[in-house]
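Comments concern the structure below.
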């Protein structure tokens, strides 16, 4: 597939069409009618480009899946609503690739080789509702990945084994988001801030990640316990990978008692007691060393005196 060409989002001007038609004399009804038909044909052909090679196009659905593509196809129909690029070998998406496709509702990029997406990819995809990025090689979800895509309802980021970080503001502004799949990635931690701004969230998938259930995970687990009644989650299948004392334990088996040590604070009396114990231990150590020294010296003299008497 060839390289991406800059799309032409604007239709040709009517004056440009008329200037290319013969107009030898006074207006003629037949010539006028032909001119109108030609102009309408030019406008229609530019408004929706032909279907790309290796793709099928029907009823505003463009299917380019399973074609072993290494790059995204150029010049897609501008009125398309559903684009499938699944099961290919696409490693990058050019910046501004979706600029001209403002009717796009569904984008399927699963099972490719994507490492990251260009900033602002969804700036003009304001009607995008379903996005599938599963089975790729994404390493992080930055704050601006879904910028301006406020119509998103479903996001699938599952089976990205190198996904290590989700920015706390990665899903900011996605008020309509209902389904979020973060399962089977490489996440050890997820900020509560990334989820608490999603009032419409109904389904959350987070199992299959190497969660480290330390003190930093307590806010998220507490939020999940409070939301479990109205938010379907597979958190009960998610397990802790660390620390060692809770390795293999389900997330929901951890209670407030499990994080009791995270809230321990020392008072002034505690510090004074620790200082006093330290002082006593230090004095005892010095005294013990002094007594050991004296004992060793006495033993040495007694041994020496015994040797002299034998001589």
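Residue numbers (this note's numbering): 92 to 402. Note that beta-carbon positions come from the ideal geometry of N, C-alpha and C, so glycine has one too.
*Minimum C-alpha distance to residue 296 - residue among 309, 284, 304, 271*: The sequence position of residue 296 within the chain shown is 205, counting from 1. Checked all of 309, 284, 304, 271; the closest Cα to residue 296 is 271.
*Closest residue to residue 218 among 210, 370, 198, 205 (Cα-Cα distance)*: Taking the chain shown and counting its residues from 1, the one referred to as residue 218 is at position 127. Residue 218 has its Cα closest to that of 198, out of 210, 370, 198, 205.
*So what's residue 309 in DSSP terms, helix, strand or just coil?*
By 1-based counting over the chain shown, the position of residue 309 is 218. Three-state DSSP puts residue 309 in a helix.
_Sequence-distant residues of its chain with Cβ nearer than 7 Å to residue 146 (five each side left out)_ = Residue 146 sits at position 55 when you count from the first residue of the chain shown. 153, 154, 155, 164.
_For a minimum of 4 consecutive residues, which ranges assigned as the alpha helix (DSSP H) are wholly contained in the stretch 219-278?_
The qualifying runs do not exist here; there are none.
_Strictly by DSSP, which residues pair up with residue 170?_
Within the chain shown, numbered from 1, the residue matching residue 170 stands at position 79. Beta-bridge partners of residue 170 (DSSP): none assigned.
*asked:* Rounded to whole angstroms, what is the Cα-Cα separation between residue 385 and residue 370?
replied: Taking the chain shown and counting its residues from 1, the one referred to as residue 385 is at position 294. Taking the chain shown and counting its residues from 1, the one referred to as residue 370 is at position 279. Residue 385 and residue 370 have their alpha carbons spaced roughly 23 Å apart.
*Specify the secondary structure class of residue 334 as computed by DSSP and reduced to three states.*
Residue numbering aside, residue 334 sits at position 243 when the chain shown is read from its first letter. Note: residue 334 maps to coil in three-state DSSP.
*Assign residue 214 to one of three DSSP states: helix, strand, or coil.*
By one-based count along the chain shown, residue 214 stands at place 123. If DSSP states are grouped into helix, strand and coil, residue 214 belongs with coil.
*asked:* For residue 310, tell me which candidate among 283, 332, 335, 373 has the shortest Cα-Cα distance.
replied: Counting from one through the chain shown, the residue named residue 310 turns up at place 219. When only C-alpha atoms are compared, the closest one is 283.
*What did DSSP end up calling residue 149 once you bin it into helix, strand or coil?*
The count along the chain shown starts at 1 and reaches residue 149 at position 58. Of the three classes helix, strand and coil, the one that applies to residue 149 here is strand, per DSSP.
*By a C-beta neighbour count over all protein chains shown, 10 Å radius and 16 as the cutoff for buried, is residue 382 buried or exposed?*
Here residue 382 refers to the residue found at position 291 of the chain shown. It counts as exposed.
*Could you name the residues of the same chain whose beta carbon sits closer than 7 Å to that of residue 159, not counting the 5 residues immediately before and after it, in chain order?*
Here residue 159 refers to the residue found at position 68 when the chain shown is read from its first residue. Excluding residues up to 5 positions away in sequence, 179, 180 lie with their Cβ nearer than 7 Å to the Cβ of residue 159 in the same chain.
*Alpha carbon to alpha carbon, what distance is there between residue 239 and residue 172?*
Numbered from its first residue, the chain shown carries residue 172 at position 81. Numbered from its first residue, the chain shown carries residue 239 at position 148. A direct Cα-to-Cα measurement between residue 172 and residue 239 gives close to 18 Å.
_Less than 8 Å between the C-beta atoms of residue 302 and residue 329, yes or no?_
Reading the chain shown from its first residue, position 211 is the one you call residue 302. Reading the chain shown from its first residue, position 238 is the one you call residue 329. A contact, by the Cβ cut-off of 8 Å.
*Option nearest residue 257 by Cα separation, candidates 267, 276, 266*: Counting from 1 along the chain shown, the entry for residue 257 is found at position 166. Ranking the options by Cα distance to residue 257, first place goes to 276.
_Helix, strand or coil, according to DSSP, for residue 303 in the structure here?_
By one-based count along the chain shown, residue 303 stands at place 212. When secondary structure is reduced to three states using DSSP, residue 303 falls in the strand class.
*If you draw a straight line from the alpha carbon of residue 85 to that of residue 331, how long is it in whole angstroms?*
Residue 85 is absent from the model: the chain starts at 92 and stops at 402.
*For residue 242, which residues from the same chain have a beta carbon less than 7 Å from its beta carbon, with the 5 sequence-adjacent residues on both sides left out?*
What you label residue 242 is simply residue 151 of the chain shown in a count that begins at 1. Cβ within range, chain order: 217, 218, 219, 220, 267.
*If you draw a straight line from the alpha carbon of residue 263 to that of residue 169, how long is it in whole angstroms?*
As a position in the chain shown, residue 263 is number 172, starting the count at 1. As a position in the chain shown, residue 169 is number 78, starting the count at 1. Those two C-alpha atoms are separated by around 28 Å.
*Quick one: does residue 152 have its CB under 8 Å from some CB of chain B?*
Considering every chain present, this structure includes no chain B. It has just one protein chain.
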